[in-house]
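Let me begin by presenting the structure, written as structure tokens, before commenting on it.
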Amino acid sequence: MAPAKRLVIDTNVLVSALVFRDSRHLPLRAAWQAGRVTPLLSISTYRELKKVLCYPMFKLDDEQINAGIAHLGPFIEWVTIDRERIEALPKCSDRDDQKFLNVALCGNADALLSYDRALLKLRKRNLPFSIISPESLEFDQ
Numbered sequence: 129m130a131p132a133k134r135l136v137i138d139t140n141v142l143v144s145a146l147v148f149r150d151s152r153h154l155p156l157r158a159a160w161q162a163g164r165v166t167p168l169l170s171i172s173t174y175r176e177l178k179k180v181l182c183y184p185m186f187k188l189d190d191e192q193i194n195a196g197i198a199h200l201g202p203f204i205e206w207v208t209i210d211r212e213r214i215e216a217l218p219k220c221s222d223r224d225d226q227k228f229l230n231v232a233l234c235g236n237a238d239a240l241l242s243y244d245r246a247l248l249k250l251r252k253r254n255l256p257f258s259i260i261s262p263e264s265l266e267f268d269q
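Here the sequence shown is numbered in my numbering, starting from 129 and rising by one per residue.
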């Protein structure tokens, strides 16, 4: 079996995969549960995930939030951000999304999955990881 793909998954994609079980993201969820994907998170990206799951528009109670996160927890690799290393990264036009680039670099990610336009604009830059939409990801069987 090929080594697990190391992925930074932006918050909107994670929420869709964890809580709403969006059919577009079921292969991604199955891949991390099967060990073909390693989701990379930092304290900052985890805090954002928890914050977004608490938005009133989602109407999730604490039990639903915790259950969603529990589906991800055992598969996470935690990444520590190296402030010196991230200085070389391009700056994202949406400052709130810079944290995903930081995790991708410091976590030696294969790819950053996102629908965010500000992040996707950077995909043509010379980076040590790809920036792609989730549908572009190919899974090794």
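Glycine included, every Cβ here is placed at the ideal spot set by N, Cα and C.
| Asked | Found |
| --- | --- |
| Chain-order list of residues whose beta-carbon lies under 6 Å from that of residue 150 (same chain, five-residue window excluded) | 144 |
| Three CB pairs or more closer than 8 Å across the region 199 to 216 and the region 230 to 240 | yes |
| When 187, 249, 228 and 192 are compared against residue 141, the one with the closest alpha-carbon | 228 |
| Those residues which DSSP pairs with residue 258 across a bridge | 239 |
| Rounded C-alpha distance that separates residue 245 from residue 220 | 10 Å |
| Coil, strand or helix - residue 205 by DSSP | strand |
| Bridge-paired residues (DSSP) for residue 134 | 166 |
| Residue environment, residue 252, which counts as buried when at least 16 other CB atoms sit within 10 Å | exposed |
| Touch test, the region 255 to 266 against the region 192 to 199, Cβ-Cβ under 8 Å, three pairs minimum | no |
| Identity of the residue in 225, 174, 202 and 222 nearest residue 162 by Cα | 202 |
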